[in-house]
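Under our numbering, residues 16 to 602 are what the sequence shown spells out, in order.
So the structure is just underneath, and the comments pick up after that.
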Amino acid sequence: MSWGTELWDQFDNLEKHTQWGIDILEKYIKFVKERTEIELSYAKQLRNLSKKYQPKKNSKEEEEYKYTSCKAFISTLNEMNDYAGQHEVISENMTSHIIGDLARYIQELKQERKSNFHDGRKAQQHIETCWKQLESSKRRFERDCKEADRAQQYFEKMDADINVTKADVEKARQQAQIRHQMAEDSKADYSSILQKFNHEQHEYYHTHIPNIFQKIQEMEERRIVKIGESMKTYAEVDRQVIPIIGKCLDGIVKAAESIDQKNDSQLVIEAYKSGFEPPGDIEFEDYTQPMKRTVSDNSLSNSRGEGKPELKFGGKSKGKLWPFIKKNKSPKQQKEPLSHRFNEFMTTKPKIHCFRSLKRGGATPEDFSNLPPEQRRKKLQQKVDELNKEIQKEMDQRDAITKMKDVYLKNPQMGDPASLDHKLAEVSQTIEKLRLETQKFEAWLAEVEGRLPARSEQARRQSGLYDSQNPPTVNNCAQDRESPDGSYTEEQSQESEVKVLATDFDDEFDDEEPLPAIGTCKALYTFEGQNEGTISVVEGETLYVIEEDKGDGWTRIRRNEDEEGYVPTSYVEVYLDKNAKGAKTYI
Numbered sequence: 016m017s018w019g020t021e022l023w024d025q026f027d028n029l030e031k032h033t034q035w036g037i038d039i040l041e042k043y044i045k046f047v048k049e050r051t052e053i054e055l056s057y058a059k060q061l062r063n064l065s066k067k068y069q070p071k072k073n074s075k076e077e078e079e080y081k082y083t084s085c086k087a088f089i090s091t092l093n094e095m096n097d098y099a100g101q102h103e104v105i106s107e108n109m110t111s112h113i114i115g116d117l118a119r120y121i122q123e124l125k126q127e128r129k130s131n132f133h134d135g136r137k138a139q140q141h142i143e144t145c146w147k148q149l150e151s152s153k154r155r156f157e158r159d160c161k162e163a164d165r166a167q168q169y170f171e172k173m174d175a176d177i178n179v180t181k182a183d184v185e186k187a188r189q190q191a192q193i194r195h196q197m198a199e200d201s202k203a204d205y206s207s208i209l210q211k212f213n214h215e216q217h218e219y220y221h222t223h224i225p226n227i228f229q230k231i232q233e234m235e236e237r238r239i240v241k242i243g244e245s246m247k248t249y250a251e252v253d254r255q256v257i258p259i260i261g262k263c264l265d266g267i268v269k270a271a272e273s274i275d276q277k278n279d280s281q282l283v284i285e286a287y288k289s290g291f292e293p294p295g296d297i298e299f300e301d302y303t304q305p306m307k308r309t310v311s312d313n314s315l316s317n318s319r320g321e322g323k324p325e326l327k328f329g330g331k332s333k334g335k336l337w338p339f340i341k342k343n344k345s346p347k348q349q350k351e352p353l354s355h356r357f358n359e360f361m362t363t364k365p366k367i368h369c370f371r372s373l374k375r376g377g378a379t380p381e382d383f384s385n386l387p388p389e390q391r392r393k394k395l396q397q398k399v400d401e402l403n404k405e406i407q408k409e410m411d412q413r414d415a416i417t418k419m420k421d422v423y424l425k426n427p428q429m430g431d432p433a434s435l436d437h438k439l440a441e442v443s444q445t446i447e448k449l450r451l452e453t454q455k456f457e458a459w460l461a462e463v464e465g466r467l468p469a470r471s472e473q474a475r476r477q478s479g480l481y482d483s484q485n486p487p488t489v490n491n492c493a494q495d496r497e498s499p500d501g502s503y504t505e506e507q508s509q510e511s512e513v514k515v516l517a518t519d520f521d522d523e524f525d526d527e528e529p530l531p532a533i534g535t536c537k538a539l540y541t542f543e544g545q546n547e548g549t550i551s552v553v554e555g556e557t558l559y560v561i562e563e564d565k566g567d568g569w570t571r572i573r574r575n576e577d578e579e580g581y582v583p584t585s586y587v588e589v590y591l592d593k594n595a596k597g598a599k600t601y602i
């Protein structure tokens, strides 16, 4: 089977077919190129998806990923990232092994095709030239034969005519001979050209064209083989990454199998355990006797200095109110029994301890005394570990400086040893500060763990917990953090039991004096105070300022004796009284 013998007369169709073959290759290249773009886009979307759900550093979300289920999810995201990488590998391999290779091959194929068909056209032009020569020789021979025949007929006519002179007859005879000779010459030339044309035509159809068409056939078959090899490579590129993709999927399965529900449940306990004991039984109140009651250890304590019993929820000193409980300045009404008040507190939802600490992100006490015992112990232990790491880091730095100083002492040309004294002193001072800080946190930790006796309120004030630099509201939040439902208080006496009268309980809320006004303010906009601790204001309204903005965007104001709360600082225009205590002067 050869195109040269079977398709000897299909030069134009073969030219169209080979061009179609090149178009098919270019179409396949375009297909693979679009596939690589899809792979890259898919890989990019997978990476973005994995990145989107990765926990943010130094955020609360990152702390939640300590659970095994969340760790498995992180492993899944990492495996998906690797999975995306394999699709990038597919794109790269297809680009280099298929697109690049076929692009080079197409250029070579076009050059070869152009050369083969150029030779074919050249052979066609040559045979056409030979054919034209043959036709010209044939027409000349035909013309000369006709001329010789007419000349012979004219001679015979003249020879038969008796009236014609002998000279005219001789002239006609010579002319006939000349025409006859010309016909013979044309015949010989025509015969020679015909023989030559037949030879050229035989060579054209049996040698030149078959050779050229054979080359074109081989070229086309190589193209077909090439596209088949490219398709195999297309599949192999995918097949090569299947094991790695399988490992990614195995990693996801392994991560899923590593989920331990019991461990996660234990982590929940560690995260939220308060360390409190459940409340004991409520004692029977006998109304036939003067109303006295023994209060449970974790609710009441005896702190009245002059022998007068005082009700304390969580170590609150006299005069301290629950946050945002408004005082009733009207004449005292008939007191309710203590049991009714206490039961009301026990059944109501806990109030927000400190609006400023919640709204502003507030200042957390240095000793974490706002946390329940177990959570406080964990925080203190974490702080101690961090300080120890910092101390070790500073000690390593000090050792490095000491070694460098020794090198300078031995080789003065390398540097001045005295230049390191200042740095060495700074590092030593830093280490000493960190050690003192560590001792302070270790003392608090020992107190929480029961190694040290609980300190009194006065001792805490002397230790610097209630530093004068801290705002009073923040101090109250750290110190008065017990809610009415019996949540954590810092100073619980586990051994004391007090009996208090109902009148003393009410005095705890009525003796609080309002904060003095330090200026006035005008509402620039209307603000709807829907959260507890806020107050609603109307545009243009004038109110009293009782606590200025601490840098967190909230100002505490008062409308009258019974209404006070926080509003955004940007909603009011503040006019501070320069003579008021605690007021700042603004230029």
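Every residue, glycine too, gets a C-beta built ideally from N, C-alpha and C.
Nothing here was measured: the structure is a model prediction, and the numbers come from that model.
At a cut of 8 Å, does the segment 406-413 reach the segment 440-452 through at least three beta carbon pairs?
Yes: at least three Cβ pairs fall under 8 Å.
Specify whether the segment 24-41 and the segment 117-128 touch according to this definition: at least 3 beta carbon pairs, one from each stretch, less than 8 Å apart.
Yes, the segment 24-41 is in contact with the segment 117-128.
Cβ atoms of residue 416 and residue 402: under 9 Å apart, would you say?
no
Do you know how far the Cα of residue 434 is from the Cα of residue 624?
The chain is shown only over 16 to 602; residue 624 falls outside these bounds and no answer can be derived.
For a quick check, are the C-beta atoms of residue 559 and residue 580 less than 9 Å apart?
Contact check for residue 559 against residue 580 fails: the beta carbons are separated by 9 Å or more.
Start and end residues, beta strand (DSSP E) containing residue 146
Residue 146 -> not in any beta strand (DSSP E); alpha helix (DSSP H) instead, spanning 115-175.
Whether residue 108 touches residue 240 by CB criterion (9 Å)
no
Three Cβ pairs or more, each shorter than 8 Å: is that satisfied between the segment 58-78 and the segment 110-126?
no
Taking the C-alpha atoms as reference points, what is the distance between residue 235 and residue 266?
48 Å
Selection from 224, 99, 388 and 585 that minimises the alpha carbon distance to residue 566:
Closest by alpha carbon: 585.
According to DSSP, which residues form a beta bridge with residue 456?
BP columns for residue 456 are empty, so no partner.
Taking the straight line between their C-alpha atoms, what separation do you get for residue 193 and residue 151?
21 Å
Using a Cβ-Cβ distance cut-off of 9 Å, determine whether residue 225 contacts chain C.
Protein chains in the displayed structure number just one, and chain C is not present.
Cα-Cα, which of 582, 94 and 237 is closest to residue 120?
237
What residues are listed by DSSP as bridge partners for residue 571?
562 and 581
Run of the alpha helix (DSSP H) containing residue 588, from where it starts to where it stops
Per DSSP, residue 588 lies in no alpha helix (DSSP H); the unbroken beta strand (DSSP E) holding it starts and ends at 587-591.
Taking the alpha-carbon of residue 93 as reference, which of 68, 17, 106 and 81 has the nearest alpha-carbon?
68
Between the alpha carbons of residue 563 and residue 381, how many angstroms are there, rounded?
23 Å
Cβ pair count under 8 Å reaching 3, the segment 19-34 against the segment 82-93
no
Quick check: the Cα distance between residue 205 and residue 154, rounded to an integer number of angstroms?
9 Å
According to DSSP, which residues form a beta bridge with residue 537?
557 and 588
Reduced DSSP category for residue 179 - H, G, I as helix; E, B as strand; rest coil:
coil
Could you work out which residue in 31, 83, 589 and 457 is closest to residue 272 when comparing CA atoms only?
83
Could you tell me if residue 208 is buried or exposed, where buried requires 16 or more neighbouring beta carbons within 10 angstroms of its beta carbon?
buried
Who are the Cβ neighbours of residue 168 in its own chain at under 6 Å, not counting the five residues just before and after it?
none
Among 44, 464 and 436, nearest to residue 393 - alpha-carbon criterion
464
Start and end of the alpha helix (DSSP H) containing residue 395?
388-425
Could you spell out where the alpha helix (DSSP H) holding residue 44 opens and where it closes?
Counting along the chain, the alpha helix (DSSP H) containing residue 44 begins and ends at 26-67.
Return yes when the Cβ of residue 135 is within less than 9 Å of the Cβ of residue 212, no when it is not.
no
Rounded separation between residue 632 and residue 291 - CA only
Summary: the structure shown does not reach residue 632, with the chain confined to residues 16 through 602, and so no result is reported for it.
Out of 148, 41, 80 and 104, state which residue places its alpha-carbon closest to the alpha-carbon of residue 54.
104
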